[in-house]
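Take the sequence shown: its letters are residues 2 to 332, numbered as in this note's numbering. Glycine included, C-beta positions come from ideal geometry on N, C-alpha and C. In what follows, a structure is listed as C-alpha coordinates, so that the remarks can point back to it.
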Amino acid sequence: MKMRRRFILAWAMAWTTACGTAGEAPAMRATGYVEATEVRVAARVPGRVAEVLVTEGQRVAAADVVAVLSTTELDLAVRRAQAERDQAQAQLRLLQRGARDEDIAQAEAQLAAAQADQRAAEAERTSATADEARFDQLLARRAGSQKQRDDAVMRRSLAEARVTAAADRASATAAVLARLKAGARDEEIDAARARVAAVDAQLASLDHDRGDARLLAPVAGIVTARLVEPGELVAEGAPVAVIVDLDRAWVNAYVEEPLVPSLRLGQDAVVHTDGGETLQGSLAFIAPRAEFTPRNVQTSAERSRLVYRVRIALDNREGVLKPGMPVEVTW
(Lines of atoms letter the chains of each structure in order from A and count residues from 1; the text may use other names and numbers.)
(Lines give C-alpha, C1' and ligand atoms only; values in the text may rest on other atoms or scores of the structure.)
Protein backbone atom coordinates (compact mmCIF):
# COMPACT_ATOMS: atom_id res chain seq x y z
CA MET A 1 0.00 0.00 0.00
CA LYS A 2 1.32 3.41 -0.72
CA MET A 3 0.27 6.79 0.43
CA ARG A 4 0.95 9.94 -1.46
CA ARG A 5 1.10 13.43 -0.12
CA ARG A 6 2.56 16.56 -1.43
CA PHE A 7 6.07 17.16 -0.25
CA ILE A 8 6.35 20.95 0.08
CA LEU A 9 9.80 21.93 1.20
CA ALA A 10 9.38 25.70 1.28
CA TRP A 11 6.98 28.42 0.31
CA ALA A 12 8.25 30.28 -2.72
CA MET A 13 8.81 33.97 -2.75
CA ALA A 14 8.23 35.44 -6.18
CA TRP A 15 8.95 38.79 -7.61
CA THR A 16 8.12 40.08 -11.05
CA THR A 17 9.77 42.73 -13.12
CA ALA A 18 9.36 44.12 -16.58
CA CYS A 19 12.54 44.36 -18.57
CA GLY A 20 13.62 44.73 -22.18
CA THR A 21 14.49 47.37 -24.67
CA ALA A 22 12.12 49.91 -26.12
CA GLY A 23 9.55 48.33 -28.38
CA GLU A 24 9.96 44.82 -26.93
CA ALA A 25 7.35 43.04 -24.84
CA PRO A 26 8.41 43.04 -21.20
CA ALA A 27 9.68 39.73 -19.80
CA MET A 28 8.11 38.43 -16.62
CA ARG A 29 10.36 36.95 -13.99
CA ALA A 30 9.61 35.14 -10.74
CA THR A 31 11.63 33.27 -8.19
CA GLY A 32 10.44 30.10 -6.56
CA TYR A 33 11.44 26.79 -5.09
CA VAL A 34 11.38 23.30 -6.53
CA GLU A 35 8.89 20.87 -5.02
CA ALA A 36 8.18 17.20 -5.65
CA THR A 37 5.78 14.40 -4.73
CA GLU A 38 6.65 12.22 -1.76
CA VAL A 39 5.61 8.55 -1.87
CA ARG A 40 5.57 6.33 1.21
CA VAL A 41 6.25 2.67 0.46
CA ALA A 42 4.03 0.77 2.90
CA ALA A 43 3.64 -2.88 3.86
CA ARG A 44 0.53 -4.50 2.42
CA VAL A 45 0.72 -7.41 4.86
CA PRO A 46 2.04 -7.60 8.43
CA GLY A 47 5.29 -9.44 9.02
CA ARG A 48 8.92 -9.37 10.04
CA VAL A 49 11.39 -7.48 7.87
CA ALA A 50 13.87 -9.89 6.26
CA GLU A 51 15.81 -7.43 4.07
CA VAL A 52 15.97 -3.71 3.35
CA LEU A 53 17.58 -3.18 -0.04
CA VAL A 54 17.80 0.62 -0.22
CA THR A 55 19.68 3.36 1.59
CA GLU A 56 18.96 7.05 1.99
CA GLY A 57 20.04 9.02 -1.05
CA GLN A 58 19.85 6.01 -3.37
CA ARG A 59 18.07 6.45 -6.69
CA VAL A 60 15.56 3.72 -7.49
CA ALA A 61 13.56 2.86 -10.58
CA ALA A 62 9.88 2.05 -10.54
CA ALA A 63 9.28 -1.57 -9.45
CA ASP A 64 12.69 -1.90 -7.77
CA VAL A 65 12.54 -4.03 -4.61
CA VAL A 66 12.73 -1.77 -1.57
CA ALA A 67 12.32 -4.36 1.20
CA VAL A 68 11.36 -8.01 1.70
CA LEU A 69 9.24 -9.44 4.51
CA SER A 70 9.71 -12.95 5.90
CA THR A 71 7.27 -15.48 4.40
CA THR A 72 7.81 -18.29 6.93
CA GLU A 73 4.31 -18.04 8.41
CA LEU A 74 2.77 -17.68 4.97
CA ASP A 75 4.61 -20.76 3.71
CA LEU A 76 3.20 -22.81 6.61
CA ALA A 77 -0.29 -21.50 5.91
CA VAL A 78 0.08 -22.44 2.23
CA ARG A 79 1.08 -26.01 3.12
CA ARG A 80 -1.91 -26.34 5.46
CA ALA A 81 -4.26 -25.02 2.79
CA GLN A 82 -2.80 -27.38 0.18
CA ALA A 83 -3.43 -30.34 2.50
CA GLU A 84 -7.01 -29.16 3.04
CA ARG A 85 -7.48 -28.88 -0.71
CA ASP A 86 -6.17 -32.42 -1.30
CA GLN A 87 -8.62 -33.72 1.29
CA ALA A 88 -11.54 -31.74 -0.14
CA GLN A 89 -10.70 -32.88 -3.69
CA ALA A 90 -10.54 -36.52 -2.59
CA GLN A 91 -13.93 -36.24 -0.91
CA LEU A 92 -15.41 -34.70 -4.05
CA ARG A 93 -14.03 -37.51 -6.23
CA LEU A 94 -15.43 -40.08 -3.81
CA LEU A 95 -18.89 -38.55 -3.96
CA GLN A 96 -18.81 -38.24 -7.74
CA ARG A 97 -17.61 -41.81 -8.27
CA GLY A 98 -20.17 -43.39 -5.93
CA ALA A 99 -19.82 -46.55 -3.86
CA ARG A 100 -17.69 -49.46 -5.04
CA ASP A 101 -19.23 -52.92 -5.41
CA GLU A 102 -17.10 -54.23 -2.55
CA ASP A 103 -18.37 -51.42 -0.29
CA ILE A 104 -21.95 -52.41 -1.04
CA ALA A 105 -21.18 -56.10 -0.47
CA GLN A 106 -19.55 -55.30 2.86
CA ALA A 107 -22.55 -53.23 3.96
CA GLU A 108 -24.93 -56.05 2.96
CA ALA A 109 -22.89 -58.52 5.04
CA GLN A 110 -22.94 -56.16 8.02
CA LEU A 111 -26.71 -55.77 7.68
CA ALA A 112 -27.22 -59.55 7.56
CA ALA A 113 -25.08 -59.98 10.69
CA ALA A 114 -26.99 -57.26 12.52
CA GLN A 115 -30.33 -58.81 11.58
CA ALA A 116 -29.10 -62.24 12.74
CA ASP A 117 -28.05 -60.72 16.09
CA GLN A 118 -31.48 -59.14 16.38
CA ARG A 119 -33.25 -62.46 15.76
CA ALA A 120 -31.03 -64.24 18.28
CA ALA A 121 -31.71 -61.54 20.87
CA GLU A 122 -35.45 -61.78 20.26
CA ALA A 123 -35.32 -65.57 20.70
CA GLU A 124 -33.36 -65.14 23.96
CA ARG A 125 -35.94 -62.62 25.15
CA THR A 126 -38.81 -65.01 24.35
CA SER A 127 -37.09 -67.83 26.26
CA ALA A 128 -36.33 -65.61 29.25
CA THR A 129 -39.90 -64.30 29.34
CA ALA A 130 -41.26 -67.88 29.33
CA ASP A 131 -38.87 -68.88 32.16
CA GLU A 132 -39.96 -65.88 34.18
CA ALA A 133 -43.63 -66.83 33.78
CA ARG A 134 -42.90 -70.47 34.69
CA PHE A 135 -41.02 -69.55 37.87
CA ASP A 136 -43.83 -67.19 38.83
CA GLN A 137 -46.24 -70.17 38.68
CA LEU A 138 -43.84 -72.39 40.66
CA LEU A 139 -43.46 -69.76 43.35
CA ALA A 140 -47.23 -69.45 43.53
CA ARG A 141 -47.39 -73.23 44.31
CA ARG A 142 -44.34 -72.90 46.61
CA ALA A 143 -42.45 -75.29 44.33
CA GLY A 144 -39.67 -73.00 43.01
CA SER A 145 -37.07 -70.65 44.47
CA GLN A 146 -36.98 -66.86 44.39
CA LYS A 147 -33.43 -66.93 43.00
CA GLN A 148 -34.52 -68.94 39.96
CA ARG A 149 -37.20 -66.33 39.26
CA ASP A 150 -34.74 -63.42 39.73
CA ASP A 151 -32.30 -65.05 37.32
CA ALA A 152 -35.05 -65.35 34.74
CA VAL A 153 -35.97 -61.67 35.17
CA MET A 154 -32.31 -60.69 34.70
CA ARG A 155 -32.06 -62.82 31.55
CA ARG A 156 -35.17 -61.18 30.13
CA SER A 157 -33.84 -57.65 30.86
CA LEU A 158 -30.50 -58.42 29.21
CA ALA A 159 -32.26 -59.97 26.22
CA GLU A 160 -34.44 -56.87 25.79
CA ALA A 161 -31.32 -54.67 25.83
CA ARG A 162 -29.71 -56.92 23.22
CA VAL A 163 -32.82 -56.71 21.06
CA THR A 164 -32.82 -52.90 21.22
CA ALA A 165 -29.10 -52.65 20.41
CA ALA A 166 -29.31 -55.15 17.57
CA ALA A 167 -32.34 -53.39 16.11
CA ASP A 168 -30.56 -50.02 16.21
CA ARG A 169 -27.46 -51.50 14.58
CA ALA A 170 -29.51 -53.19 11.87
CA SER A 171 -31.39 -49.95 11.18
CA ALA A 172 -28.18 -47.91 10.89
CA THR A 173 -26.54 -50.52 8.66
CA ALA A 174 -29.62 -50.61 6.43
CA ALA A 175 -29.48 -46.81 6.09
CA VAL A 176 -25.79 -46.97 5.10
CA LEU A 177 -26.53 -49.66 2.54
CA ALA A 178 -29.40 -47.67 1.06
CA ARG A 179 -27.19 -44.60 0.80
CA LEU A 180 -24.40 -46.53 -0.90
CA LYS A 181 -26.83 -47.94 -3.45
CA ALA A 182 -28.46 -44.56 -4.08
CA GLY A 183 -25.17 -42.66 -4.40
CA ALA A 184 -24.42 -39.13 -3.20
CA ARG A 185 -27.11 -36.48 -3.40
CA ASP A 186 -26.61 -33.48 -5.68
CA GLU A 187 -26.52 -31.24 -2.63
CA GLU A 188 -23.63 -33.22 -1.14
CA ILE A 189 -21.63 -33.00 -4.38
CA ASP A 190 -22.33 -29.26 -4.62
CA ALA A 191 -21.18 -28.79 -1.02
CA ALA A 192 -17.97 -30.71 -1.76
CA ARG A 193 -17.33 -28.56 -4.83
CA ALA A 194 -17.89 -25.42 -2.77
CA ARG A 195 -15.37 -26.64 -0.22
CA VAL A 196 -12.74 -27.14 -2.95
CA ALA A 197 -13.48 -23.67 -4.35
CA ALA A 198 -13.17 -22.10 -0.88
CA VAL A 199 -9.75 -23.67 -0.33
CA ASP A 200 -8.66 -22.58 -3.82
CA ALA A 201 -9.64 -19.00 -2.94
CA GLN A 202 -7.69 -19.26 0.30
CA LEU A 203 -4.61 -20.46 -1.60
CA ALA A 204 -4.95 -17.61 -4.09
CA SER A 205 -5.14 -15.10 -1.24
CA LEU A 206 -2.07 -16.59 0.43
CA ASP A 207 -0.17 -16.52 -2.87
CA HIS A 208 -1.10 -12.85 -3.28
CA ASP A 209 0.14 -12.14 0.25
CA ARG A 210 3.43 -13.85 -0.57
CA GLY A 211 3.82 -11.53 -3.54
CA ASP A 212 3.04 -8.55 -1.30
CA ALA A 213 5.94 -9.57 0.93
CA ARG A 214 8.19 -7.97 -1.71
CA LEU A 215 7.73 -4.22 -1.32
CA LEU A 216 8.33 -2.45 -4.64
CA ALA A 217 9.03 1.18 -5.41
CA PRO A 218 5.85 2.60 -7.00
CA VAL A 219 7.76 5.41 -8.73
CA ALA A 220 11.28 6.27 -9.76
CA GLY A 221 13.02 8.71 -7.48
CA ILE A 222 15.37 9.27 -4.58
CA VAL A 223 15.03 7.44 -1.26
CA THR A 224 14.82 10.17 1.37
CA ALA A 225 14.06 7.98 4.39
CA ARG A 226 14.71 4.36 5.35
CA LEU A 227 12.24 3.71 8.16
CA VAL A 228 12.80 0.06 9.14
CA GLU A 229 15.64 -2.39 9.65
CA PRO A 230 15.86 -6.19 9.26
CA GLY A 231 14.26 -8.06 12.14
CA GLU A 232 11.64 -5.43 12.92
CA LEU A 233 7.94 -6.30 12.93
CA VAL A 234 5.75 -4.11 10.74
CA ALA A 235 1.98 -3.81 10.69
CA GLU A 236 -0.18 -3.69 7.59
CA GLY A 237 0.05 -0.20 6.17
CA ALA A 238 3.23 0.72 8.06
CA PRO A 239 5.69 2.76 5.92
CA VAL A 240 9.12 1.25 5.34
CA ALA A 241 10.70 3.92 3.13
CA VAL A 242 10.01 7.30 1.56
CA ILE A 243 10.74 8.07 -2.10
CA VAL A 244 10.64 11.49 -3.73
CA ASP A 245 9.47 11.40 -7.35
CA LEU A 246 11.88 13.78 -9.09
CA ASP A 247 10.61 13.02 -12.60
CA ARG A 248 7.52 15.12 -12.00
CA ALA A 249 8.94 18.00 -9.98
CA TRP A 250 7.35 21.44 -10.18
CA VAL A 251 8.01 25.01 -9.14
CA ASN A 252 5.68 27.05 -6.95
CA ALA A 253 5.98 30.80 -7.33
CA TYR A 254 3.86 33.86 -6.52
CA VAL A 255 2.93 36.51 -9.06
CA GLU A 256 1.69 39.97 -8.18
CA GLU A 257 -1.94 40.68 -8.95
CA PRO A 258 -1.47 43.23 -11.80
CA LEU A 259 0.54 40.72 -13.84
CA VAL A 260 -1.83 37.75 -13.55
CA PRO A 261 -4.05 38.70 -16.56
CA SER A 262 -1.07 38.23 -18.86
CA LEU A 263 -0.64 34.59 -17.81
CA ARG A 264 -2.31 31.68 -19.62
CA LEU A 265 -2.46 28.00 -18.71
CA GLY A 266 -0.09 26.01 -20.89
CA GLN A 267 2.10 29.05 -21.47
CA ASP A 268 5.77 28.16 -21.96
CA ALA A 269 8.16 29.00 -19.15
CA VAL A 270 11.89 28.64 -18.65
CA VAL A 271 13.32 27.61 -15.28
CA HIS A 272 16.86 28.74 -14.46
CA THR A 273 18.97 27.27 -11.66
CA ASP A 274 21.72 29.08 -9.79
CA GLY A 275 24.16 26.63 -11.38
CA GLY A 276 23.32 27.81 -14.88
CA GLU A 277 21.07 24.96 -16.07
CA THR A 278 17.82 25.76 -17.84
CA LEU A 279 14.72 23.60 -18.21
CA GLN A 280 11.60 24.09 -20.26
CA GLY A 281 8.30 24.05 -18.41
CA SER A 282 4.72 25.15 -18.77
CA LEU A 283 2.24 26.99 -16.61
CA ALA A 284 0.02 24.28 -15.12
CA PHE A 285 -1.94 26.11 -12.44
CA ILE A 286 -3.01 29.63 -11.47
CA ALA A 287 -4.65 30.02 -8.08
CA PRO A 288 -8.30 31.17 -8.35
CA ARG A 289 -7.94 33.72 -5.55
CA ALA A 290 -5.29 36.07 -4.26
CA GLU A 291 -3.45 35.71 -0.97
CA PHE A 292 -0.88 37.60 0.99
CA THR A 293 2.73 36.76 0.30
CA PRO A 294 3.79 33.86 2.60
CA ARG A 295 5.10 34.75 6.03
CA ASN A 296 8.64 33.54 5.36
CA VAL A 297 9.21 36.44 2.96
CA GLN A 298 11.89 38.68 4.40
CA THR A 299 10.21 42.09 4.83
CA SER A 300 6.80 43.12 6.15
CA ALA A 301 6.30 45.34 3.10
CA GLU A 302 6.62 42.35 0.78
CA ARG A 303 4.34 40.21 2.98
CA SER A 304 1.56 42.78 2.74
CA ARG A 305 1.25 42.45 -1.06
CA LEU A 306 -1.51 40.37 -2.68
CA VAL A 307 -0.17 37.65 -4.95
CA TYR A 308 -1.39 34.60 -6.88
CA ARG A 309 0.29 31.23 -6.56
CA VAL A 310 1.29 29.62 -9.85
CA ARG A 311 2.72 26.20 -10.60
CA ILE A 312 5.23 25.44 -13.33
CA ALA A 313 5.20 21.80 -14.50
CA LEU A 314 8.57 20.38 -15.48
CA ASP A 315 10.11 17.35 -17.13
CA ASN A 316 12.85 16.52 -14.63
CA ARG A 317 13.70 12.99 -15.71
CA GLU A 318 17.38 13.93 -15.81
CA GLY A 319 17.19 14.79 -12.12
CA VAL A 320 18.63 18.29 -12.53
CA LEU A 321 16.22 19.83 -10.03
CA LYS A 322 16.05 18.81 -6.39
CA PRO A 323 13.35 19.61 -3.83
CA GLY A 324 14.03 22.90 -2.07
CA MET A 325 16.29 24.23 -4.82
CA PRO A 326 15.76 27.98 -5.52
CA VAL A 327 15.12 28.78 -9.18
CA GLU A 328 14.13 31.68 -11.40
CA VAL A 329 11.23 31.44 -13.85
CA THR A 330 10.84 33.59 -16.95
CA TRP A 331 7.93 33.90 -19.36
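Per DSSP, the bridge partner or partners of residue i
i, result
"Glu251", "Sequence check: residue 251 is Trp here, not Glu. Trp251 is bridged to Glu36 and Ala314."
"Gly48", "Val235"
"Val257", "The sequence as given places Glu at residue 257; Val does not occur at that position. Paired residue(s): Val308."
"Phe293", "Leu307"
"Thr274", "Val328"
"Thr279", "His273"
"Pro240", "Ala43"
Span separating the alpha-carbon of residue i from that of residue j
i, j, result
"Asp76", "Ala68", "18 Å"
"Ala254", "Ala63", "29 Å"
"Asp246", "Ile190", "54 Å"
"Glu319", "Val252", "16 Å"
"Asp169", "Ala162", "11 Å"
"Leu216", "Leu315", "28 Å"
"Val330", "Glu230", "41 Å"
"Glu188", "Gly222", "56 Å"
"Arg186", "Gln116", "27 Å"
"Ala226", "Asp87", "46 Å"
"Arg142", "Ala124", "28 Å"
"Thr165", "Ser146", "30 Å"
"Val66", "Arg101", "55 Å"
"Leu70", "Ala44", "9 Å"
Residues near residue i in its chain [Cβ-Cβ closer than 6 Å; skip 5 each side]
i, result
"Glu85", "Val200"
"Val79", "Leu207"
"Glu25", "Any reading at Glu25 is ruled out, since the residue's pLDDT is 47, under 50, leaving its predicted position unreliable."
"Ala110", "none"
"Glu233", "Val50"
"Ala108", "Val177, Leu178 and Leu181"
Contacts around residue i, its chain only, beta-carbon distance under 8 Å, and the 5 residues preceding and following it disregarded
i, result
"Gln268", "Ser283, Leu284 and Trp332"
"Ile105", "Leu178, Leu181 and Lys182"
"Val321", "Thr274, Glu278 and Leu280"
"Ala202", "none"
Beta carbon of residue i nearer than 7 Å to that of residue j
i, j, result
"Ala179", "Leu96", "no"
"Arg135", "Ala160", "no"
"Ala218", "Val61", "yes"
"Ala288", "Arg310", "yes"
"Glu57", "Val271", "no"
"Thr294", "Arg312", "no"
"Glu257", "Val308", "yes"
"Arg211", "Thr73", "no"
Cβ neighbours of residue i in the same chain (closer than 7 Å, five flanking residues each side left out)
i, result
"Pro327", "Thr32, Tyr34 and Asp275"
"Leu112", "Ala171, Thr174, Ala175 and Leu178"
"Arg196", "Ala89"
"Ala153", "Ala129, Asp132, Glu133 and Phe136"
"Val220", "Val40, Ala63, Ile244 and Asp246"
Completely contained beta strand (DSSP E) runs for the stretch 147-224, where each covers 3 or more residues: 215-217
- Taking only runs that begin and end inside the stretch 47-108, name each unbroken alpha helix (DSSP H) of 4 or more residues, in chain order. 73-98
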